[in-house]
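Chemist: One structure follows; several queries about it will come next.
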Amino acid sequence: MDPLVQGLAGAAAALSFRRPQESPKFVFWLGAAAGAAADLDVLISSRQDPLFAIEYHRHFTHSLLFIPVGGLIVAGFFYFLFRKRFAFSFARYFLLATLAYATHGLIDGCTSYGTQLYWPFSNFRVAWNSAAIIDPIVWVILLVGCVGAVKKASVAWARLGAMLTVFYLLFGFVQRDRAMEFAREKAVERGHTPERLTVKPTIFNNYLFRALYEFEGRYYVDGVRVGWWGSRKFFEGSSVTKLDIKRDYPWLQVESEQGRDLERFRWFSADYIYVDPRDPLFVGDLRFALLPNDVESLWGLVLDPTRQHSEHAGFEHRRNLTAEKQQTFW
Numbered sequence: 179m180d181p182l183v184q185g186l187a188g189a190a191a192a193l194s195f196r197r198p199q200e201s202p203k204f205v206f207w208l209g210a211a212a213g214a215a216a217d218l219d220v221l222i223s224s225r226q227d228p229l230f231a232i233e234y235h236r237h238f239t240h241s242l243l244f245i246p247v248g249g250l251i252v253a254g255f256f257y258f259l260f261r262k263r264f265a266f267s268f269a270r271y272f273l274l275a276t277l278a279y280a281t282h283g284l285i286d287g288c289t290s291y292g293t294q295l296y297w298p299f300s301n302f303r304v305a306w307n308s309a310a311i312i313d314p315i316v317w318v319i320l321l322v323g324c325v326g327a328v329k330k331a332s333v334a335w336a337r338l339g340a341m342l343t344v345f346y347l348l349f350g351f352v353q354r355d356r357a358m359e360f361a362r363e364k365a366v367e368r369g370h371t372p373e374r375l376t377v378k379p380t381i382f383n384n385y386l387f388r389a390l391y392e393f394e395g396r397y398y399v400d401g402v403r404v405g406w407w408g409s410r411k412f413f414e415g416s417s418v419t420k421l422d423i424k425r426d427y428p429w430l431q432v433e434s435e436q437g438r439d440l441e442r443f444r445w446f447s448a449d450y451i452y453v454d455p456r457d458p459l460f461v462g463d464l465r466f467a468l469l470p471n472d473v474e475s476l477w478g479l480v481l482d483p484t485r486q487h488s489e490h491a492g493f494e495h496r497r498n499l500t501a502e503k504q505q506t507f508w
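All residue numbers for the sequence shown refer to our numbering, where the first residue is 179 and numbers rise by one.
Here it is in structure tokens:
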């Protein structure tokens with residue numbers, strides 16, 4: 179999720195185990211730094227290879243196995259700087275930092291982007307599709323819990339904030355399953371039997387979902403809204419043809435630089451890739467769009483047949499956020 183949630187979640191975890199003699203403000207900042215530290219992987223990039231950055235975001239720093247390593251790094255940094263002012267043992271620094279660091283990958287796994295929790299044993303991108311990338315409700319819950327824990331010097335506030343956050347994230351799984359059931363019903367009404375079906379929450383909420391399914395070589399995209407109290411609404415979308423390399427790019431050689439890039443992008447996008455009808459050299463990631471029932475992708479790969487062997491494919495963001503789209507979303 180966003181850095182604010184990650185920092186507050188880490189702070190709440192650390193504050194939940196603070197001892198009375200330990201400064202609540204210091205524990206807050208230690209936990210916040212450890213909770214957000216995994217996202218330092220955004221610094222990993224390559225000018226020559228645009229896919230390098232997205233390939234290594236939510237990679238090893240987000241792995242379950244890396245949690246004690248991340249905790250150790252953050253603890254060592256804080257201990258070196260503050261051990262004279264806050265003279266509790268390095269073991270305490272390490273424990274609090276590790277507890278905070280452990281929240282990061284698990285929270286990111288609840289979103290749709292894809293997080294490599296099982297690295298180095300597997301490069302599978304975990305995406306439970308139960309939480310939005312940004313959700314203000316989580317902000318409020320964690321902020322109130324952390325502020326209460328610091329102002330009142332009480333672990334009870336932090337634990338309450340942490341527990342309510344866990345319950346809210348678990349409720350997202352319920353909402354996801356309800357949205358999936360609704361989307362499947364609508365697909366059957368069309369006479370389709372989805373070969374695979376994915377629903378993902380849209381930004382700021384856990385009741386309006388983007389529904390994607392594959393049927394007979396096409397991807398179908400719709401919006402489904404499942405209210406917290408049982409109401410449901412369907413927003414019919416459209417469909418696009420699934421990418422087929424031999425049909426769409428007969429010139430592209432699999433072992434070329436851009437041929438390998440396309441396979442990397444397929445892995446990153448969970449194979450929800452298609453050729454943009456308006457731009458035949460743009461391969462979009464159908465998982466993400468500005469509107470839940472829109473097929474206009476937020477980002478994608480740009481191929482160049484004249485340089486497939488000598489250069490990497492390009493990577494572009496296409497966020498055409500018009501006033502009409504904003505109004506439709508709200």
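Here a beta-carbon is modelled for each residue, glycine too, at the ideal position from N, C-alpha and C. Remember, predicted model here, so these are calculated numbers, not experimental data.
Would you kindly report the start and end of the unbroken alpha helix (DSSP H) that includes Val404?
Modeler: By 1-based counting over the sequence shown, the position of residue 404 is 226. Counting along the chain, Val404 falls outside any alpha helix (DSSP H), though it belongs to the beta strand (DSSP E) covering 396-404.
Chemist: From Cys324 to Leu277, what distance separates their C-alpha atoms?
Modeler: Looking up residue 324 in the sequence shown gives position 146. Looking up residue 277 in the sequence shown gives position 99. Those two C-alpha atoms are separated by around 15 Å.
Chemist: Please go through the same chain and pick out, in chain order, the residues whose beta-carbon is closer than 8 Å to the beta-carbon of Phe393, but skip the five residues on each side of it.
Modeler: Against the sequence shown, residue 393 aligns to sequence position 215. Result list for Phe393: Ala365, His370, Thr371, Pro372, Glu373, in chain order.
Chemist: Would Ala491 pass as a contact of Gln436 if the rule is Cβ separation under 7 Å?
Modeler: Taking the first residue of the sequence shown as position 1, residue 491 is located at position 313. Taking the first residue of the sequence shown as position 1, residue 436 is located at position 258. Their beta carbons are under 7 Å apart, which means Ala491 touches Gln436 by this criterion.
Chemist: Alpha helix (DSSP H) containing Tyr450: first to last residue?
Modeler: In the sequence shown, residue 450 corresponds to position 272, counting from 1. Where Tyr450 is concerned, there is no enclosing alpha helix (DSSP H), given that its DSSP letter is neither H nor E.
Chemist: Less than 8 Å between C-beta atoms, sequence neighbours within five positions excluded: which residues of the same chain meet that for Gln199?
Modeler: Here residue 199 corresponds to residue number 21 of the sequence shown, with the count starting at 1. If we look at Gln199 and ignore the five residues flanking it on each side, its Cβ neighbours are Phe266.
Chemist: Do Arg403 and Tyr427 have their beta-carbon atoms positioned less than 7 Å apart in this structure?
Modeler: As a position in the sequence shown, residue 427 is number 249, starting the count at 1. As a position in the sequence shown, residue 403 is number 225, starting the count at 1. 7 Å or more divides the Cβ of Tyr427 from the Cβ of Arg403.
Chemist: Going by DSSP, what residue range makes up the alpha helix (DSSP H) through Ala340?
Modeler: Working through the sequence shown from its first residue, we reach residue 340 at position 162. Ala340 -> alpha helix (DSSP H) spans 333-367.
Chemist: Please report the straight-line C-alpha distance between Glu441 and Asp180, rounded to a whole angstrom.
Modeler: Position 263 of the sequence shown holds residue 441. Position 2 of the sequence shown holds residue 180. Taking the straight line from one Cα to the other gives about 28 Å.
Chemist: Determine the DSSP secondary structure at Val325, reduced to helix, strand or coil.
Modeler: To locate residue 325, count along the sequence shown from 1; it is residue 147. Of the three classes helix, strand and coil, the one that applies to Val325 here is helix, per DSSP.
Chemist: Looking at Ser290 and Asn307, is the spacing between their C-beta atoms short of 7 Å?
Modeler: Here the question's residue 307 lines up with position 129 in the sequence shown. Here the question's residue 290 lines up with position 112 in the sequence shown. Closer than 7 Å, so yes.
Chemist: Applying the 10 Å Cβ sphere with the 16-neighbour rule, what's the burial state of Ile245?
Modeler: As a position in the sequence shown, residue 245 is number 67, starting the count at 1. Looking at its Cβ environment, which holds 16 or more other Cβ atoms inside 10 Å, Ile245 is buried.
Chemist: Leaving out five residues before and five after Ser201 in sequence, what residues of the same chain have Cβ atoms less than 8 Å from its Cβ?
Modeler: By one-based count along the sequence shown, residue 201 stands at place 23. Once the five neighbours on either side are set aside, the close Cβ partners of Ser201 are Phe264.
Chemist: For a minimum of 4 consecutive residues, which ranges assigned as the alpha helix (DSSP H) are wholly contained in the stretch 423-496?
Modeler: Within the stretch 423-496, the complete alpha helix (DSSP H) runs of at least 4 residues are 423-426, 435-446.
Chemist: Measuring alpha carbon to alpha carbon, tell me which of Arg444, Pro470, Ser434, Trp508 ends up nearest Ser488.
Modeler: Position 310 of the sequence shown, counted from the first residue, corresponds to residue 488. If we check each option's Cα against that of Ser488, Ser434 comes out closest.
Chemist: Run through DSSP, which three-state label would Ala212 get?
Modeler: Position 34 of the sequence shown holds residue 212. The answer is helix: DSSP assigns Ala212 an H, G or I state.
Chemist: Give the range of the alpha helix (DSSP H) segment to which Leu229 is assigned.
Modeler: The residue given as residue 229 occupies position 51 in the sequence shown. Its alpha helix (DSSP H) spans residues 229-234.
Chemist: Out of Arg465, Leu321, Ala309, Ala361, which has the shortest C-alpha to C-alpha gap to Phe351?
Modeler: Here residue 351 refers to the residue found at position 173 of the sequence shown. Residue Ala309 is the option with its Cα nearest to Phe351.
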